[in-house]
Structure formats: C-alpha cells, structure tokens
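Undergrad: Read the sequence shown against the working numbering and you will find it ends at 545, with the numbers running on by one and no gaps.
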Amino acid sequence: PARYNEATLVKKLEELGIGRPSTYAPTIQIIQKRGYVEKKNIPSRKRSILEFEWTGGKPERRTRQETYGGEKKKLIPTDVGMVVNEFLTRNFDNIVDYNFTAQVEDQFDKIARGQYDWVKMLDEFYREFAPQVDRVIKEARTEKGERFLGTDPETGEKVFAKIGPYGPMVQLGEAAKGKKPKYASLLPGMSITDISLEDALELFRLPKKIGEHEGKEVVVGAGKYGPYIRYGNKFISIPAHLNPLRLEWDDALALIRQKENEEKPLAYVEDKPVFVQRGKYGPYLKWGEMNIPVPKGTSPYGLEEEEIKTMIARQREKLKKNTLREWADEGIALRKGGWGRIYIYQKGKRVKALPKEIDYQKVDLDQIKKLIATKN
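(1) Thinking C-beta only, is isoleucine 379 closer than 8 Å to alanine 353?
(2) Does lysine 243 pass the burial test, meaning 16 or more other C-beta atoms within 10 Å, or should it be called exposed?
(3) May I ask which residues mark the beginning and end of the alpha helix (DSSP H) holding glutamine 427?
(4) Restricting to runs no shorter than 4 residues, where is the alpha helix (DSSP H) found entirely within the region 170 to 196?
(5) Is it true that the CB of tyrosine 267 sits closer than 8 Å to the CB of glutamine 276?
(6) Under three-state DSSP, which class holds phenylalanine 373?
(7) Starting from the N-terminal side, write out each stretch of the alpha helix (DSSP H) that is 4 residues or longer and does not extend beyond the region 334 to 394.
(8) Whole angstroms is fine: what's the gap from valine 445's alpha carbon to tyrosine 400's?
(9) What did DSSP end up calling glycine 448 once you bin it into helix, strand or coil?
(10) Near glycine 250, what residues of its chain come up, given a Cβ to Cβ distance below 6 Å and the 5 sequence neighbours on each side ignored?
(11) Less than 8 Å between the CB atoms is what I'm expecting for serine 217 and glycine 239, so what's the real figure, rounded?
(12) Comparing alpha-carbon positions, which option in Gly509, Gly517, Lys489, Lys490 lies nearest glutamate 499?
(13) Secondary structure at phenylalanine 329, three-state DSSP: helix, strand or coil?
(14) Based on Cα-Cα distance, which residue from Lys349, Leu372, Pro350 lies nearest to lysine 360?
(15) Under the DSSP definition of a beta bridge, which residues are partnered with asparagine 460?
(16) Which class does alanine 281 belong to by DSSP, given the choice of helix, strand or coil?
(17) Mind listing, in chain order, the continuous beta strand (DSSP E) runs of no fewer than 3 residues lying wholly within the region 460 to 539?
(18) According to DSSP, alanine 436 sits in a beta bridge with which residue or residues?
(19) If you pair each beta-carbon of the region 192 to 201 with each one of the region 218 to 231, do three or more pairs fall below 8 Å?
(20) Tell me the DSSP bridge mates of arginine 230?
(21) Going by Cα to Cα distance, which pick from Gly448, Leu534, Gly506, Ala482 is closest to alanine 497?
(22) Between the region 408 to 417 and the region 388 to 398, are three or more C-beta pairs nearer than 8 Å?
(23) Assign lysine 313 to one of three DSSP states: helix, strand, or coil.
(24) Three-state secondary structure (DSSP) at asparagine 210?
(25) Could you give the first and the last residue of the continuous beta strand (DSSP E) run that contains leucine 244?
(26) Which of the three DSSP states is assigned to proline 396 in this structure?
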C-alpha cells in the first residue's frame, strides 16, 4: 500500500470515524512534532526482475529493470514512532483499537447534544483505564526496538540496532562485568529496521581517514549535525544524497573545493566582499548583512561584477520598499512579509513575526528587543 500524506491520512481517519475536522490538523502536527513520523522524500531504487513466458511449448527467460520504492512528501514512520506504536499495541490494544476511538467520538457527540452525562462517561472509562496504566507501569518492559544484526567477524562480539537515550543507534558487544559495549549513532536516512551488519560496523570506524589533500588529512566523521568531512580545521557537511560510509574520493574532493570557493570573495562591491553561501533553497550571495537570492538555474560563480551590483541594488530596493520601521544603529528593522504579517529582522536575518496585537507604528525599540530575547 502507498504511504500516507496529509490528505490521504485525513481521508483514512474519516473512513474509520476517528477525529473531527477540527482535530485532523493538530493530530498530524503532533505526530511530526514528537518525532513519530517525518515528512520526506524517499528516492526510488532499481532492481532486476526475472520473467518467464511460456511460448511455443517452452519457457522463455528474460531479465528487465524495474524502478520501485520512490515516495514524495509522504509521512514516513521513524524508528521512535515504530517502537512507541509497538509498545502501545502490546500494552493498550483496547485503547488504540480503531473501534474504541470511533466509539468515544460518538459519545462526545452525544455529550455535546446533551444526551449523555460526561461525568458518567469519564467514570466508566477511567475505572478500567487506571488499573491498566498501573499494571503497565509495574510490569511492562522498556521498549528498545532492539534488533540483532549479527556478529563482528573481527571480535566475535554481537551487534545490535536499537533505540537509545538519544535516538536510534547501534551497539557492539554486551554489557558485562568490567566491560562496556561500544555505541554509535545512526546517520540521517538510516533506520534500525533495515540497517545492515556491514553498515553498522562501518559506523564504529568513524571518524576515519580517507586520504590527504595538499598535505592535510581528509577525515569522514559524524557529529551532532550529521555526517561531515574534516579537512584541516574546516568541517564540511556531507549532502544527503552521498553515503558517508562509502564516500568516493572524487566526491570528497569536490566538496572541499566547493567549500574553498565559498570562502573566497566572488567580488568586491563598495569595498565589501561578496560571498557565495548555500541555504535550504539553494545558493545565495552574502554581502555584509544582506542575503541576495540567486535566480534558479543560474550558477553564482558565472556572475559578472556588474550583474552582482545590479542584484544588490535590486535587493536594496526591495528591502526599502518592505521596511516599515528601522533602527539602523541597532541593525533592527520591521518589514512586511507574506499573508499580511510583519517580521522583526536583526542584522539582516528574520528573527520572528511581530504579534498581531502589537501596533508596529507605536512599538518602541525596548519592546522589540524583549520580543527578540524571548524564545517563542
């Protein structure tokens, strides 16, 4: 079956009688916020298909290629989501049952129409639910989603994939007196459900040296923000489409050269350097505190100096047009955004939306600074 996106999931909830129009959006937001599912694309893969066709009294054999498994903007269960689901299904099968949820929705509707007493409804539910929770707290084992992958041919130690305190990981060896297992976090795109023993063992070898460039070591590693290349004192992120465990030297060298190009000024405008940066939506130019988008399909390295000056002038005009108020000495401005919103900018970077109840014409600098300082 095809994986769900938001629309098909809502359709399924409607078919099952679960939720109401007002609860569909919050439900989908919560399962993503808690890390149970991720909305992402999964690239398609190719496999060989062996076909036999009976013709003329004998079978004909042929092989063809098939593309399969591609997903676009689908809700993909995470390892944590699958483990949580397994725990709830094992210990609260009567609660996570579709029929139970639909039945409660019907009771809510009756309460709303004044046909059912809400205190009685809660009492009937909680009388059975509370003892069940107490039993699970006392008896249920902690779910780790543990999966045995095999043994390390070098050490003979067992290798497991599991959920740890900080997320999905692999474990080499078992805890014993005076002996601690080794642990390694999974890389983005990996899952405890399908990671191979070979890839798990490679994770324990990170960081690893893959070569030298201009007298400096080139090392592949994994950190808090994902896989990287360390070259001298530079750290270069490895894009999602490249497998850090099997990174080719040519790809590593291309990433190093790209980083070096980004650190060199593309041009100088008004005695200030223009750099190429890469963001979520592709490359852009950085000039002082100004970010200038590069037209789609245009290579920033092919831009002439006059083109860069024109782009800066155009961006200046756009910012001036959208700027409602500005405190230049503090590097703070209020600018118009989409859907009628007003945003606070600090040193050229959008910080947060100005609350609708605040009049941008009357707000003072101290209020703006307090808003910037607050997390939400």
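For each residue, glycine too, the CB sits at the ideal point set by N, CA and C.
TA: On the basis of the supplied data:
(1) Their beta carbons are not under 8 Å apart, which means alanine 353 does not touch isoleucine 379 by this criterion.
(2) buried
(3) Segment 418 to 432, the alpha helix (DSSP H) holding glutamine 427.
(4) Qualifying alpha helix (DSSP H) stretches, in chain order: 175 to 185.
(5) no
(6) Under the three-state reduction of DSSP output, phenylalanine 373 falls in the coil class, being neither helix nor strand.
(7) The region 334 to 394 contains these whole alpha helix (DSSP H) runs: 366 to 372.
(8) 20 Å
(9) strand
(10) The answer, listed in chain order, is Tyr205, Val206.
(11) The pair is not a contact, with the Cβ atoms about 17 Å apart (cut-off 8 Å).
(12) Gly517
(13) strand
(14) Sequence inspection shows serine at residue 360; the lysine mentioned does not correspond to that position. Serine 360 has its Cα closest to that of Leu372, out of Lys349, Leu372, Pro350.
(15) Lys455
(16) Helix.
(17) 492 to 496, 501 to 505, 511 to 515, 518 to 522
(18) Val443
(19) no
(20) Its beta-bridge partners are Phe221.
(21) Leu534
(22) yes
(23) coil
(24) Strand at asparagine 210.
(25) 240 to 246 is the extent of the beta strand (DSSP E) around leucine 244.
(26) strand
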